[in-house]
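*Asks:* Dumping the structure here so I can ask a few things about it.
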Amino acid sequence: MTLLDWVVLTVTILGIASYGAWKNRKVHSAAGYLKGEDLAWPTIGLSIMATQASAITFLSVPGQAYEDGMRFVQFYFGLPLAMVVICAVFVPIYHRLGVYTAYQYLEQRFDVRVRVLAATLFLIGRGLAAGITIYAPAIVLSAVLGWSLNAMILAIGVVVIVYTVTGGARAVAQTQKQQMVVMLAGIVVAAISIAWMLPSDVGVSGAATLAGALGRMEIVDFEFDPSTRYTFWSGITGGFFLALSYFGTDQSQVQRYLGGASLTESRLGLLFNGLLKIPMQMLILSCGILVFAFHLFDKPPMVFNAPAIAAVERSAYAPQLAELGTRWDGAFEARRDAATRLVAGDETARDGLRATHAAMET
């Protein structure tokens with residue numbers, strides 16, 4: 282990392298932590314510590330988004346677009362409708378009862394055993410999910426900083442625990458708001474950077490043309506095909522019920538809007554999340570589409586395992602490997618030529634692009 286990288290990283294971490302501590306300076310009650318009490322709707326909305334979006338989102342979703350295209354966004358089509366139902370049904374109940382957790386309602390409605398069971402299941406599931414959530418950024422940071430992966434996992438875990446325990450729910454929500462702003466800015470910068478790296482005669486429109494020719498720009502699928510993972514119907518039904526359960530009963534989300542200054546603030550925060558989530562996912566997926574178009578002009582290695590390549594080159598199979606390498610280079614040049622001609626307006630190159638791309642994929 283360069284000096285500038287270290288400065289940006291340090292200022293970002295210290296700035297967000299200091300902001301959270303400053304915003305939390307007036308918390309002197311259990312209610313303020315456990316749920317926040319006076320959060321405005323922008324803080325609630327951004328905090329909800331930051332809770333759901335993690336490093337995994339920004340590492341995996343572009344890869345999803347690279348492999349399968351934009352259709353993954355249909356997974357979120359049921360989310361806005363779920364936000365409306367939660368605002369109409371769940372939030373008024375939580376506010377009327379004045380609970381700190383979603384599971385306190387279960388105790389009041391049934392008994393303490395039901396509350397303990399639900400809370401235990403949540404802690405087990407959230408603990409497993411948190412492990413994955415920490416593991417993903419730890420991989421990236423260990424590669425960037427040169428630290429061991431285990432040390433990076435431990436460092437992230439300690440920092441998260443310390444600032445959560447010392448600051449409480451309000452500090453977490455306030456810092457997550459800043460983190461979400463940083464993440465959104467990062468997505469925009471990443472998209473602009475990738476677009477800048479494309480060949481000068483391609484651009485964003487050319488990238489969309491190439492991705493569309495190879496089936497990556499199909500956003501909505503209305504087919505009733507149960508073998509297709511992402512369709513409009515699976516998003517509206519499965520996505521709706523998943524969002525309803527996650528945002529309506531999962532304490533990691535419920536805690537965010539329990540801290541609203543009023544019922545209206547909590548509702549507006551949820552609706553803000555419902556409106557912004559799909560555009561955000563579209564932007565993240567677009568980064569994957571731009572990377573996909575970029576690699577049509579940037580030859581990837583035939584095999585990523587360099588030690589394995591070196592071993593084969595020293596074996597009796599070296600001639601076959603050399604032949605495969607020659608064929609790989611030829612297929613790439615043919616694909617790049619077809620992509621260049623298609624961007625220039627030659628529609629006859631569309632079939633050639635598909636054929637050469639399929640050849641390189643296999």
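In our numbering, the protein residues as written are 282 to 643. Here a beta-carbon is modelled for each residue, glycine too, at the ideal position from N, C-alpha and C. Given the structure is predicted, the values throughout are model-derived calculations rather than measurements.
#1: Can you pull the DSSP bridge partners for residue 320?
#2: So, do the region 521-540 and the region 340-355 have three or more beta carbon pairs nearer to each other than 8 Å?
#3: Which residues mark the beginning and the end of the alpha helix (DSSP H) in which residue 351 is found?
#4: Can you grab the Cα-Cα spacing for the pair residue 497 / residue 489, in whole Å?
#5: Given a cut-off of 8 Å on the beta-carbon distance, is the pair residue 493 and residue 624 in contact?
#6: If you follow the alpha helix (DSSP H) that residue 634 is in, where does it begin and where does it stop?
#7: Go ahead and pull the three-state DSSP assignment for residue 506.
#8: Assess, as a yes-or-no matter, whether the region 545-556 is touched by the region 364-379 under the definition of 3 or more beta carbon pairs within less than 8 Å.
#9: Please report the residue range of the alpha helix (DSSP H) in which residue 428 lies.
#10: When you compare only the Cα positions, how much space is there between residue 484 and residue 592?
#11: Is there contact here, the region 577-597 with the region 453-466, by at least three beta-carbon pairs under 8 Å?
#12: Pick out whichever of 422, 543, 557 has its Cα sitting closest to the Cα of residue 329.
#13: Using the Cα positions of residue 536 and residue 410, report the straight-line distance between them to the nearest angstrom.
#14: Just verifying my parser: in three-state terms, what is the DSSP assignment at residue 335?
#15: Given this structure, state the Cα-to-Cα distance separating residue 376 from residue 544, to the nearest angstrom.
#16: Let me know if residue 637 comes out buried or exposed under the rule of 16 or more other beta-carbons within 10 Å of its beta-carbon.
#17: When the Cα atoms are used, what is the spatial distance from residue 515 to residue 560?
#18: What distance in whole Å lies between the Cβ atoms of residue 472 and residue 571, which are believed to be in contact at a cut-off of 8 Å?
#19: Relative to the alpha-carbon of residue 501, which residue among 429, 358, 283 has its alpha-carbon at the smallest distance?
#20: Which residues in the same chain have their Cβ closer than 8 Å to the Cβ of residue 464, if we skip the five residues on either side of it in sequence?
#21: Would you report the Cα separation of residue 431 and residue 588, rounded to the nearest angstrom?
#22: Provide the residue span of the alpha helix (DSSP H) that contains residue 576, from first to last.
#23: What residue from 321, 603, 630, 343 has the CA that sits closest to residue 475's CA?
#24: Using 8 Å as the threshold, is the C-beta distance between residue 336 and residue 421 below it?
#25: Can you tell me the Cα-Cα spacing of residue 426 and residue 341, whole angstroms?
#26: Using DSSP with H/G/I as helix, E/B as strand and the rest coil, what is residue 560?
#27: For residue 576, which of 423, 296, 606, 616 has the nearest alpha-carbon?
*Replies:* With the given structure in hand:
#1: To locate residue 320, count along the sequence shown from 1; it is residue 39. Bridge partners of residue 320: 541.
#2: no
#3: The count along the sequence shown starts at 1 and reaches residue 351 at position 70. Note, residue 351: premise wrong, no alpha helix (DSSP H); not H, not E.
#4: In the sequence shown, the residue the question calls residue 497 occupies position 216. In the sequence shown, the residue the question calls residue 489 occupies position 208. Each residue's alpha carbon lies about 9 Å from the other.
#5: Indexing the sequence shown from 1 puts residue 493 at position 212. Indexing the sequence shown from 1 puts residue 624 at position 343. Against a cut-off of 8 Å, the Cβ pair of residue 624 and residue 493 comes out as no contact.
#6: Residue mapping note: residue 634 aligns to position 353 of the sequence shown, counting from 1. Where residue 634 is concerned, the enclosing alpha helix (DSSP H) stretches over 630-642.
#7: To locate residue 506, count along the sequence shown from 1; it is residue 225. Correct three-state label for residue 506: coil.
#8: yes
#9: Translated into positions along the sequence shown, residue 428 becomes position 147. That residue, residue 428, is in no alpha helix (DSSP H); it is neither H nor E in DSSP.
#10: On the sequence shown, position 203 is the one that residue 484 refers to. On the sequence shown, position 311 is the one that residue 592 refers to. Distance between the alpha carbons of residue 484 and residue 592: 40 Å.
#11: no
#12: If you number the sequence shown from 1, residue 329 lands on position 48. Ranking the options by Cα distance to residue 329, first place goes to 557.
#13: Here residue 536 corresponds to residue number 255 of the sequence shown, with the count starting at 1. Here residue 410 corresponds to residue number 129 of the sequence shown, with the count starting at 1. Whole-angstrom Cα-Cα distance: 17 Å.
#14: Mapped onto the sequence shown, residue 335 falls at position 54. In this structure, residue 335 counts as coil in the three-state DSSP scheme.
#15: In the sequence shown, counting from the first residue as 1, residue 376 sits at position 95. In the sequence shown, counting from the first residue as 1, residue 544 sits at position 263. Each residue's Cα considered, the two are about 7 Å apart.
#16: As a first step, residue 637 must be located in the sequence shown, where it is residue number 356. It is buried - the Cβ of residue 637 has at least 16 other Cβ atoms within 10 Å.
#17: Residue mapping note: residue 515 aligns to position 234 of the sequence shown, counting from 1. Residue mapping note: residue 560 aligns to position 279 of the sequence shown, counting from 1. Going by the C-alpha atoms only, they are around 19 Å apart.
#18: Residue numbering aside, residue 571 sits at position 290 when the sequence shown is read from its first letter. Residue numbering aside, residue 472 sits at position 191 when the sequence shown is read from its first letter. About 6 Å; that satisfies the 8 Å criterion.
#19: Within the sequence shown, numbered from 1, the residue matching residue 501 stands at position 220. Residue 358 is the option with its Cα nearest to residue 501.
#20: Counting from one through the sequence shown, the residue named residue 464 turns up at place 183. Contacts found: 331, 334, 339.
#21: To locate residue 431, count along the sequence shown from 1; it is residue 150. To locate residue 588, count along the sequence shown from 1; it is residue 307. Going by the C-alpha atoms only, they are around 25 Å apart.
#22: One-based indexing of the sequence shown puts residue 576 at position 295. From DSSP, residue 576 is part of no alpha helix (DSSP H); its letter is neither H nor E.
#23: Your numbering for residue 475 matches position 194 in the sequence shown. Cα-wise, what sits closest to residue 475 is 343.
#24: Numbered from 1 along the sequence shown, position 55 holds the residue referred to as residue 336. Numbered from 1 along the sequence shown, position 140 holds the residue referred to as residue 421. In contact: residue 336 and residue 421 (Cβ atoms closer than 8 Å).
#25: In the sequence shown, residue 426 corresponds to position 145, counting from 1. In the sequence shown, residue 341 corresponds to position 60, counting from 1. For residue 426 and residue 341, the distance between alpha carbons rounds to 21 Å.
#26: Walking along the sequence shown from the start, residue 560 turns up at place 279. In the structure shown, residue 560 sits in a helix (DSSP, three-state: H, G or I).
#27: Sequence index remark: in the sequence shown, residue 576 carries index 295 (1-based). With distances taken between Cα atoms, residue 576 lies closest to 616.
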